[in-house]
Ligand code: AMP
Ligand code: GLY
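Rendered as structure tokens:
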């Protein structure tokens, strides 16, 4: 174990990732006065906009290089943002190298990386979820459909960047989706396929910060997965979010903690998995009670951007305590009681073929109640900020109610433009007067 890892101090943090989620985590951590430096690797054009935040772009972005950089910079805490490095076991390798890491190891990341594994964990621990079947054969999948004789939701077992799920309205669509998923276009992610009963109801996301034994629950959030207004168009990573989600009250959140989050952590422990990181449960509130649609092993994006401005200054110390397996030693995490609204500005062609390389004209700056979090942005050789991905920026605002928060976010969005920029105009319709 390296010397710097034994110390109790938290002055230098490294965040792995390049999205809006990581940009917003860096911003939230920078509010802690005792933190001196926050590195985001590989980060984006917005990383250095925030006090004490630096973009780290080593030649190689593999875990070995990042571990060496962590030692060189004497990093006290590593936070791994995205699911792919978690599923690849980066947290294991970093811990073996003596680093203190917030993020589950490869075993715990299966919660997201294998839908079959995560469904089995739910069933073993009586966590309510949709009925399911799993199979490796197209013939068997078609047989299951025939027997069930109702439309199914067809899911690739592995990580498919949000594209591996088809929700079908008819049996014929389910049949097509089965043919499609076994066609090979999802690669090894669809070696196994999960077929699920289709359930209905509003969706809400809940999050727990875990230290392996105990957990702290964050305010719930609501994502907007569809590309277009009115929840139309294809699924995306998320076009906007708001928090706290009013669909569930404080008592509901306590009940869901008992029903879903605590049994999940206990179920992981039963499998000898010390789960350090975020448990994100995507829920559907059905007429027969809440059911888990999916687990993720990290913060949601863009839910994270809406949530981070609600975190008290203790957030950094809480993540550090989780990473050390000592949540009880952390100061109590406080939450700003305001309403937080997040709207994503995306590139033309997102989610299928996002256009890149367009210059961004930005006449808005972040402040304590308005944040511009970057995602798919980079800086060209002339110093211009240009688009480099599908979801480009998230504009996030806080106010005493959602009408005002969304008004602030949307009015500031007018100060940003790039060729092909588009965004949903109805984010938060559930809680706004529109
Ligand atoms: P996922 O990638 O697992 O988050 O799924 C994407 C979206 O598909 C979810 O947000 C839901 O809207 C929908 N979905 C997933 N599973 C089901 C299900 N069993 N029944 C109905 N809709 C579902
Ligand atoms: N916004 C959904 C997700 O992060 O998976």
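Residue numbers (this note's numbering): 6 to 439.
Glycine included, each C-beta is placed from N, C-alpha and C at the ideal position.
Since this is a predicted model, take the numbers as computed values, not measurements.
Worksheet entry | residue 484, enclosing alpha helix (DSSP H) - first and last residue | Residue numbering for the chain in the displayed model covers 6 to 439; residue 484 lies beyond these limits and cannot be assessed.
Worksheet item: Run through DSSP, which three-state label would residue 309 get?
Response: On the chain shown, residue 309 is found 304 positions in, with the first residue counted as 1. Helix, per DSSP.
Practice prompt. For the segment 281–291 and the segment 181–191, state whether three or more C-beta atom pairs, one from each stretch, are separated by less than 8 Å.
Written response: The answer is no - the segment 181–191 does not touch the segment 281–291, with fewer than three Cβ pairs under 8 Å.
Worksheet item: From residue 121 to residue 50, what distance separates their C-alpha atoms?
Response: Here the question's residue 121 lines up with position 116 in the chain shown. Here the question's residue 50 lines up with position 45 in the chain shown. Spanning the two alpha carbons is a distance of roughly 37 Å.
Item to complete: Return the CA-CA distance between residue 42 and residue 156, expressed in angstroms with no decimal places.
Response: Position 37 of the chain shown, counted from the start, is the residue given in the question as residue 42. Position 151 of the chain shown, counted from the start, is the residue given in the question as residue 156. Whole-angstrom Cα-Cα distance: 52 Å.
Fill in: Residue(s) in a DSSP beta bridge with residue 3
The shown model of the chain, from 6 to 439, leaves out residue 3, and the question about it has no answer.
Discussion item. According to DSSP, simplified to helix, strand and coil, what is residue 107?
Written reply: Translated into the one-based positions of the chain shown, residue 107 becomes position 102. Three-state result, residue 107: strand.
Item to complete: Ignore the nearest five residues each way along the sequence and tell me which others in residue 331's own chain have a CB closer than 8 Å to its CB.
Response: Working through the chain shown from its first residue, we reach residue 331 at position 326. In its chain, beyond the 5 residues on either side, 216 have a beta carbon closer than 8 Å to the beta carbon of residue 331.
Practice prompt. Within its chain, find whatever has a CB closer than 6 Å to the CB of residue 33; leave out the 5 residues flanking it on each side and keep chain order.
Written response: For the purposes of this step, residue 33 is taken as the residue at position 28 of the chain shown. So the qualifying residues of the chain are 313, 316, 320.
Fill in: Straight-line gap, residue 232 to residue 210 (C-alpha atoms, nearest Å)
By one-based count along the chain shown, residue 232 stands at place 227. By one-based count along the chain shown, residue 210 stands at place 205. Each residue's CA atom was taken as its position, placing residue 232 and residue 210 some 18 Å apart.
Worksheet item: Quick one: what does DSSP say residue 54 is sitting in, helix, strand or coil?
Response: Translated into the one-based positions of the chain shown, residue 54 becomes position 49. The three-state secondary structure of residue 54, taken from DSSP, is helix.
Discussion item. Buried or exposed for residue 134, going by 16 or more other Cβ atoms inside 10 Å?
Written reply: Taking the chain shown and counting its residues from 1, the one referred to as residue 134 is at position 129. Residue 134 is classed as buried because its beta carbon has at least 16 other beta carbons within 10 Å across all chains shown.
Fill in: Residue from 178, 239, 302, 203 with nearest C-alpha to residue 358
The count along the chain shown starts at 1 and reaches residue 358 at position 353. Nearest to residue 358 by C-alpha distance, out of 178, 239, 302, 203, is 239.
Discussion item. In the DSSP assignment, the alpha helix (DSSP H) including residue 127 goes from what residue to what residue?
Written reply: Position 122 of the chain shown, counting from 1, holds the residue named residue 127. For residue 127, the enclosing alpha helix (DSSP H) has its first and last residue at 120–129.
Worksheet entry | Beta-carbon contacts of residue 335 that lie in its chain and below 6 Å, excluding the five residues immediately before and after | The residue you call residue 335 lines up with position 330 of the chain shown. In its chain, beyond the 5 residues on either side, 322, 323, 326 have a beta carbon closer than 6 Å to the beta carbon of residue 335.
Worksheet item: Is it right to say residue 346 is buried, meaning 16 or more other beta carbons lie within 10 angstroms of its own, or is it exposed?
Response: For the purposes of this step, residue 346 is identified with residue 341 of the chain shown, where counting begins at 1. Its Cβ being crowded by 16 or more others within 10 Å, residue 346 is buried.
Worksheet item: Using DSSP with H/G/I as helix, E/B as strand and the rest coil, what is residue 183?
Response: Walking along the chain shown from the start, residue 183 turns up at place 178. Helix.
Worksheet item: When the Cα atoms are used, what is the spatial distance from residue 292 to residue 207?
Response: By one-based count along the chain shown, residue 292 stands at place 287. By one-based count along the chain shown, residue 207 stands at place 202. Here the alpha carbon of residue 292 sits roughly 10 Å from the alpha carbon of residue 207.
Practice prompt. Quick one: residues in its chain with C-beta nearer than 6 Å to the C-beta of residue 432, no 5 flanking neighbours on either side, listed in chain order?
Written response: In the chain shown, the residue the question calls residue 432 occupies position 427. Taken in chain order, the residues that qualify are 229, 245, 348.
Worksheet entry | In chain order, each alpha helix (DSSP H) run of at least 4 residues that lies wholly inside the segment 153–237 | Qualifying alpha helix (DSSP H) stretches, in chain order: 176–186.
Item to complete: Report the option in 46, 23, 54 whose CA atom is closest to the CA atom of residue 35.
Response: Here residue 35 corresponds to residue number 30 of the chain shown, with the count starting at 1. The residue with the shortest Cα to Cα distance from residue 35 is 54.
Fill in: Which of helix, strand or coil DSSP assigns to residue 260
Residue numbering aside, residue 260 sits at position 255 when the chain shown is read from its first letter. Three-state DSSP puts residue 260 in a helix.
Worksheet entry | Runs of beta strand (DSSP E) wholly within the segment 290–364 (minimum 3 residues, chain order) | Runs of the beta strand (DSSP E) inside the segment 290–364: 294–301, 344–351.
Item to complete: Measure the C-alpha to C-alpha separation of residue 414 and residue 184 and round it to an integer number of angstroms.
Response: Sequence index remark: in the chain shown, residue 414 carries index 409 (1-based). Sequence index remark: in the chain shown, residue 184 carries index 179 (1-based). Between residue 414 and residue 184, the C-alpha separation is close to 42 Å.
Worksheet entry | Straight-line gap, residue 353 to residue 367 (C-alpha atoms, nearest Å) | For the purposes of this step, residue 353 is taken as residue 348 along the chain shown, with counting starting at 1. For the purposes of this step, residue 367 is taken as residue 362 along the chain shown, with counting starting at 1. Between residue 353 and residue 367, the C-alpha separation is close to 18 Å.
Worksheet item: Out of 68, 115, 393, which has the shortest C-alpha to C-alpha gap to residue 25?
Response: In the chain shown, residue 25 corresponds to position 20, counting from 1. Nearest C-alpha to residue 25: 393.
Discussion item. Using C-beta distances below 8 Å, list every residue in its chain close to residue 438, excluding the 5 sequence neighbours before and after it, in chain order.
Written reply: As a working mapping, residue 438 is identified with position 433 in the chain shown. Cβ within range, chain order: 408.
Worksheet item: Between the C-alpha atoms of residue 398 and residue 310, what's the straight-line distance to the nearest angstrom?
Response: As a working mapping, residue 398 is identified with position 393 in the chain shown. As a working mapping, residue 310 is identified with position 305 in the chain shown. Pairing residue 398 with residue 310, the inter-Cα distance amounts to about 10 Å.
Fill in: For residue 70 and residue 7, the rounded distance between their alpha carbons
Here the question's residue 7 lines up with position 2 in the chain shown. Here the question's residue 70 lines up with position 65 in the chain shown. At residue 7, the pLDDT of 46 sits below 50, so the modelled position is not reliable; the number obtained from the coordinates is stated separately. Going by the C-alpha atoms only, they are around 16 Å apart.
Practice prompt. Report the rounded CA-to-CA distance for residue 154 versus residue 200, giving the unit in angstroms.
Written response: In the chain shown, counting from the first residue as 1, residue 154 sits at position 149. In the chain shown, counting from the first residue as 1, residue 200 sits at position 195. Using only the alpha carbons, I get a separation of about 13 Å.
Discussion item. Is it buried or exposed, residue 128, if we count other Cβ atoms within 10 angstroms and call 16 or more buried?
Written reply: Position 123 of the chain shown, counting from 1, holds the residue named residue 128. Exposed.
Item to complete: Reducing DSSP to helix, strand and coil, say where residue 431 ends up.
Response: Counted from its first residue, the chain shown places residue 431 at position 426. Coil at residue 431, not helix or strand.
Worksheet item: If we ignore side chains and look at the alpha-carbon of each, how far apart do residue 150 and residue 171 end up?
Response: Taking the first residue of the chain shown as 1, we reach residue 150 at position 145. Taking the first residue of the chain shown as 1, we reach residue 171 at position 166. Straight across, the Cα-Cα distance linking residue 150 with residue 171 is about 14 Å.
Worksheet item: Hey, residue 107 and residue 328: beta-carbon distance below 8 Å or not?
Response: If you number the chain shown from 1, residue 107 lands on position 102. If you number the chain shown from 1, residue 328 lands on position 323. Between residue 107 and residue 328, the gap from beta carbon to beta carbon is short of 8 Å.
Item to complete: Would you identify the three-state DSSP class for residue 149, choosing helix, strand or coil?
Response: Numbered from 1 along the chain shown, position 144 holds the residue referred to as residue 149. It is helical.
Worksheet item: Quick check: the segment 111–125 against the segment 257–267, are there 3 or more CB pairs under 8 Å?
Response: With a cut-off of 8 Å, the segment 257–267 and the segment 111–125 do not count as touching, because too few Cβ pairs lie within range.
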